[in-house]
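Have a look at the structure below before the remarks.
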Amino acid sequence: MFSIIIVSWLVLEQLLSSVKQLEFVMMLLSAFQPTIQFSSYLLTSLTKKDFVTPNDVRWCPGCGDYAILNAVQRTLPELGIPREQFVVVSGIGCSSRFPYYMNTYGFHTIHGRAPTGATGVKVANPDLSVWMITGDGDG
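Note that my numbering has the sequence shown beginning at 31, numbered continuously upward.
See the structure below:
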């Protein structure tokens, strides 16, 4: 099964300026849950804390990226996939610091190449849950 989840930060920030940001993002992410293949690994119960890194989050105060990061960190444990099977690929810009704030595998690509990197990861290892993050600086 070939699935990559794409989050356009700029569009989400504009659309989700209300208090309902977190609820909308969680609903959006849960729509992809049926497409995920569960591995045969012995699973332990994960929590949001398992996906948080000790890195200081460096976004501007009030930035919508905080709500999206929080929503993703709360949603991933609910998918029942081992943390080692997640990969976060990003492009360029503030929102693309996302892999540094997630305790998963991940990397920063060059400008405009996040889709290529994410596709390559998924083709090379279809069992991984690949998440691509792009934003204002990656257009």
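Yeah, the Cβ is synthetic: ideal placement off N, Cα and C, and Gly gets one too.
Option in Thr164, Ile140, Ser159, Val153 with minimal Cα separation from Pro107:
Ser159
For Gly92, which residues from the same chain have a beta carbon less than 7 Å from its beta carbon, with the 5 sequence-adjacent residues on both sides left out?
none
What residues in its chain sit with their C-beta under 7 Å from that of Gln63, if we drop five residues either side in the sequence?
In this predicted model, Gln63 has a pLDDT of only 47, less than 50, meaning its place in the structure is not dependable; the value taken from the coordinates is given anyway. In chain order, Leu109 place their CB closer than 7 Å to the CB of Gln63, counting only its own chain and leaving out the 5 sequence neighbours on each side.
DSSP three-state label for Ile98, please.
Judged by DSSP in its simplified three-state form, Ile98 adopts helix.
Rounded separation between Gly150 and Gly121 - CA only:
14 Å
Report the residue from Phe137, Tyr131, Gly147 whose alpha carbon sits nearest the alpha carbon of Ala101.
Closest in alpha carbon position to Ala101, among Phe137, Tyr131, Gly147, is Tyr131.
Alpha carbon to alpha carbon, how far is Arg88 from Asp168? Give it in angstroms, no decimals.
18 Å
Near His141, what residues of its chain come up, given a Cβ to Cβ distance below 6 Å and the 5 sequence neighbours on each side ignored?
Ile122
Drop a sphere of 10 angstroms on the beta-carbon of Pro84, count the other beta-carbons inside from all chains shown, and report buried for 16 or more, exposed for fewer.
Pro84 comes out exposed.
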